[in-house]
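As structure tokens, the structure follows; a few thoughts come after it.
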Amino acid sequence: MSNFTATREKDYSAWYNEIVTKAGMAENSAVRGCMVIKPDGYAIWEKMQRVLDDKFKETGHVNAYFPMFIPKSFFSKEASHVDGFAKECAVVTHYRLKNDPNGKGVIVDETAKLEEELIVRPTSETIIWHTYKGWIQSYRDLPLLINQWANVVRWEMRTRLFLRTTEFLWQEGHTAHATEKEAIEETEKMLDVYADFVRDYMAIPVIKGIKTHNERFAGAVETYCIEALMQDGKALQAGTSHFLGQNFAKAFDVKFTNKEGKLEHVWATSWGVSTRLMGALIMSHSDDNGLVLPPKLAPTQVVIVPIYKNDEELAKISTIANEIVKELKTQGISVKFDNRDTYKPGWKFAEYELKGVPVRIAIGPRDADNGTVELARRDTKEKKSVAREGIATYVNNLLNEIQQSLYDIALERQTRLTSEANTWEEFEQLINEKGGFVAAHWDGTTLTADKIKDLTKATIRCIPLDSAKTQGKCILTGAPSEQKVLFAKAY
RNA sequence: CGGGGUGUAGCGUAGCCCGGUAUCGCGCCACGUUUGGGACGUGGAGGCCGUCAGUUCGAAUCUGGCCACCCCGACCA
Numbered sequence: 029m030s031n032f033t034a035t036r037e038k039d040y041s042a043w044y045n046e047i048v049t050k051a052g053m054a055e056n057s058a059v060r061g062c063m064v065i066k067p068d069g070y071a072i073w074e075k076m077q078r079v080l081d082d083k084f085k086e087t088g089h090v091n092a093y094f095p096m097f098i099p100k101s102f103f104s105k106e107a108s109h110v111d112g113f114a115k116e117c118a119v120v121t122h123y124r125l126k127n128d129p130n131g132k133g134v135i136v137d138e139t140a141k142l143e144e145e146l147i148v149r150p151t152s153e154t155i156i157w158h159t160y161k162g163w164i165q166s167y168r169d170l171p172l173l174i175n176q177w178a179n180v181v182r183w184e185m186r187t188r189l190f191l192r193t194t195e196f197l198w199q200e201g202h203t204a205h206a207t208e209k210e211a212i213e214e215t216e217k218m219l220d221v222y223a224d225f226v227r228d229y230m231a232i233p234v235i236k237g238i239k240t241h242n243e244r245f246a247g248a249v250e251t252y253c254i255e256a257l258m259q260d261g262k263a264l265q266a267g268t269s270h271f272l273g274q275n276f277a278k279a280f281d282v283k284f285t286n287k288e289g290k291l292e293h294v295w296a297t298s299w300g301v302s303t304r305l306m307g308a309l310i311m312s313h314s315d316d317n318g319l320v321l322p323p324k325l326a327p328t329q330v331v332i333v334p335i336y337k338n339d340e341e342l343a344k345i346s347t348i349a350n351e352i353v354k355e356l357k358t359q360g361i362s363v364k365f366d367n368r369d370t371y372k373p374g375w376k377f378a379e380y381e382l383k384g385v386p387v388r389i390a391i392g393p394r395d396a397d398n399g400t401v402e403l404a405r406r407d408t409k410e411k412k413s414v415a416r417e418g419i420a421t422y423v424n425n426l427l428n429e430i431q432q433s434l435y436d437i438a439l440e441r442q443t444r445l446t447s448e449a450n451t452w453e454e455f456e457q458l459i460n461e462k463g464g465f466v467a468a469h470w471d472g473t474t475l476t477a478d479k480i481k482d483l484t485k486a487t488i489r490c491i492p493l494d495s496a497k498t499q500g501k502c503i504l505t506g507a508p509s510e511q512k513v514l515f516a517k518a519y
């Protein structure tokens, strides 16, 4: 079976680390907190990028690229923005090295000090709004709908592969609008794009909501988010979409002349998802034997493993395998025929299980004679003999079935792990023993949210968009509350 | 950044208390036999024991500094 040592039950985080490294997704690098995304991991990220990029284009956005360095002074222009990011910024102070006159190696050349330090972007609002000032004069220049794929750096205390790394890859959309209404619509639209993507491609259900005041993006008027639940009952913020109001337009003096000839500040949004989604993907579906990938994001959806004793048999099986490859490819299925003679079938089975390939086809001499193949699905480990005739259609249906099944299981888990608490005792017990989302009344104050966090480690993940307003009393203070919010322990 | 733990071959480890340059498994290489769930045999290669300094005739082992990683806190996508 697998050579896994960790299990989800015994040590969830050890299990996660082991999956990431053993399945060849990523590894720690020579730079603290920064990871190397390996080819098998990067291939998944590329698939995500492609799908998301298409969705952005479909909704009218275009890509551009802004510098990774931001003049320090830009940061202080929006007060809450600098407050939010100041503690985690990498700063470039010099631009030259020289040989160490006292010995070996190189040292920073102190004479090459920058006039103004550069900040390695933790996000690009400031440089982008500085630039937009030059691009926007009239309502005719609006809306401006731009996305960029980039790396950003946030100097985190504690890092975990994909979930929180010092440098990470993401996309950040930055849009400018003539009206508040249009900007809010954009914010909500992009949240839906994210939610749909995560549901339809990653097979993960999410809760759409808005963040409370203190969980809001630094500089945003409102932060919308999608929250997903992992197998261990902890929540993961999977994406955010911010309505920035006129905060950045004011900070960077971006005005436009409206149809009435009056000068107004523009309305802004920004939205992003990152390589953190890789962590969500891995944690949502995988099991104690390794990675489980939803077919829509699996770089290789089907692998064919030949079983043979001699060249003659291999030749015969290869002919069949190559035909199947061709048939699957015409259906748009990505398939790999692993005819390496350097590994045995059993080894390959275990390897592809570890790597999460959704469907495996094994073809041996008996299959060649009987006109069958052995089909195994990664998610359920189910194996069955299937007629070689019509295999492409069969596999296509199976891939869809797996995709759906992964989602169904994740949805069932989310439903099972979502509870309501009406008393503090109930709340504590649910958070500590059951985990997952707990809906409860909250008095709306940061003080109470902080106290609840101190007592239980649970935070308010969001105020769900679709929940009805109900009168009640705050779970902790008993003060009146108009709506239940979702609590959970989070990543 | 605080508390705890770990660092020995590509990976996982024994040795450390009681100083004498290193154990075992997997992997790797060669040859042969094998191939329907991580094959077996025989032979072989690979380690200045995280790093720097100190103690000592002699350090993986003792002492100190540093670095990295893991776990728990504070912070966060």
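In the numbering used here, the protein residues as written are 29 to 519.
Don't be surprised by glycine CBs; every beta carbon is placed ideally from N, CA and C.
Can you name, in chain order, every residue of its own chain whose Cβ lies under 7 Å from the Cβ of residue i, other than the five neighbours on each side?
i      : result
Lys161 : Phe280, Asp281 and Val282
Val136 : His122 and Leu125
Asn424 : Gln359 and Ile361
Just confirm the distance between the C-beta atoms of residue i and residue j, as a whole number of angstroms; I'd bet it's less than 8 Å.
i      : j      : result
Ala404 : Arg388 : 4 Å
Gln431 : Ala231 : 6 Å
Val110 : Ile147 : At roughly 10 Å, the Cβ-Cβ gap does not stay under 8 Å, so Val110 and Ile147 are not in contact.
Ile164 : Phe271 : That belief does not hold up - the Cβ atoms of Ile164 and Phe271 are roughly 18 Å apart, past 8 Å.
Met63  : Leu142 : About 28 Å separates the two Cβ atoms, so there is no contact after all.
Val79  : Tyr229 : 6 Å
Using CA atoms only, rank isn't needed, just tell me which of the options is closest to residue i.
i      : options                           : result
Ala467 : Ser495, Glu461 and Lys479         : Ser495
Ile235 : Ala51, Ile310, Asp224 and Glu243  : Asp224
Arg182 : Ser152, Val414 and Val331         : Ser152
Val513 : Lys239, Tyr435, Pro99 and Val331  : Lys239
Trp43  : Asp315, Tyr93, Ser108 and Asn275  : Asp315
Gln499 : Ser509, Cys490, Thr505 and Ile491 : Ser509
Tyr422 : Asp339, Gly464, Ala378 and Glu355 : Glu355
Thr370 : Tyr336, Thr451 and Gly69          : Tyr336
Leu319 : Arg78, Ala378, Leu483 and Thr487  : Ala378
Leu504 : Ala477, Trp375 and Asn91          : Ala477
His313 : Glu341, Tyr435 and Leu426         : Tyr435
His89  : Lys262, Thr194, Trp177 and Ala58  : Trp177
Ala107 : Thr139, Lys278 and Gly384         : Lys278
Ala92  : Lys481, Gln457 and Asp81          : Asp81
Val385 : Ala343, Ile391 and Phe365         : Phe365
Lys376 : Val331, Lys344 and Asn425         : Val331
Leu321 : Thr154, Thr474 and Asn428         : Asn428
Asp407 : Glu417, Ile391, Lys383 and Gly392 : Lys383
Can you check DSSP and say which residues form a bridge with residue i?
i      : result
Asp315 : Gly318
Cys117 : In DSSP, Cys117 forms no bridge with anything.
Trp452 : Paired residues: none, contrary to the question.
Val466 : Ser447 and Phe515
Glu340 : None, per the DSSP bridge assignment.
Lys481 : According to DSSP, which records beta bridges pairwise, Lys481 is partnered with nothing at all.
Glu200 : Gln176 and Gly300
Thr268 : Cys253 and Gly300
Asn127 : Val134
Tell me which residues share the same chain as residue i and place their Cβ nearer than 6 Å to its Cβ, disregarding the 5 neighbours each side in the sequence.
i      : result
Ser269 : Thr215, Met218, Leu219, Tyr252 and Trp299
Tyr40  : Asp260
Leu197 : Asn179 and Thr303
Gly273 : Val249
Met29  : Any answer about Met29 is weak, because its pLDDT of 39 lies below 50 and its placement is not dependable; what the coordinates show is given next. Answer for Met29: no residue qualifies.
Asn286 : Tyr167 and Glu292
Who are the near neighbours of residue i in its chain, counting only those whose CB is closer than 8 Å to its CB and skipping five residues on each side?
i      : result
Phe113 : Phe103, Pro150, Thr151, Arg182 and Ala246
Leu264 : Leu191, Glu255, Ala256, Leu257, Met258, Arg304, Gly307, Ala308, Met311, Ala518 and Tyr519
Glu46  : Phe32, Thr33 and Ala34
Lys66  : Gly52, Met53, Ala54 and Glu55
Ala420 : Ile352, Glu355, Leu356, Thr358, Gln359 and Ile361
Lys100 : Val119, Glu144, Glu145, Leu146 and Ile147
Taking 6 Å as the cut-off, is the beta-carbon of residue i closer than that to any non-hydrogen atom of the ligand ADP?
i      : result
Asn398 : Only the bare structure without any ligand can be found here, which leaves the ligand ADP out of the picture.
May I ask you to verify whether the stretch 294 to 306 touches the stretch 392 to 412, counting CB pairs closer than 8 Å and requiring at least 3? no
State whether the stretch 318 to 330 contacts the stretch 289 to 296, with contact taken as three or more CB pairs (one from each stretch) at a distance under 8 Å. no
Quick check: the stretch 163 to 178 against the stretch 198 to 207, are there 3 or more CB pairs under 8 Å? yes
Evaluate contact between the stretch 404 to 413 and the stretch 353 to 366, counting only Cβ atoms and requiring at least three cross-stretch pairs below 8 Å. no
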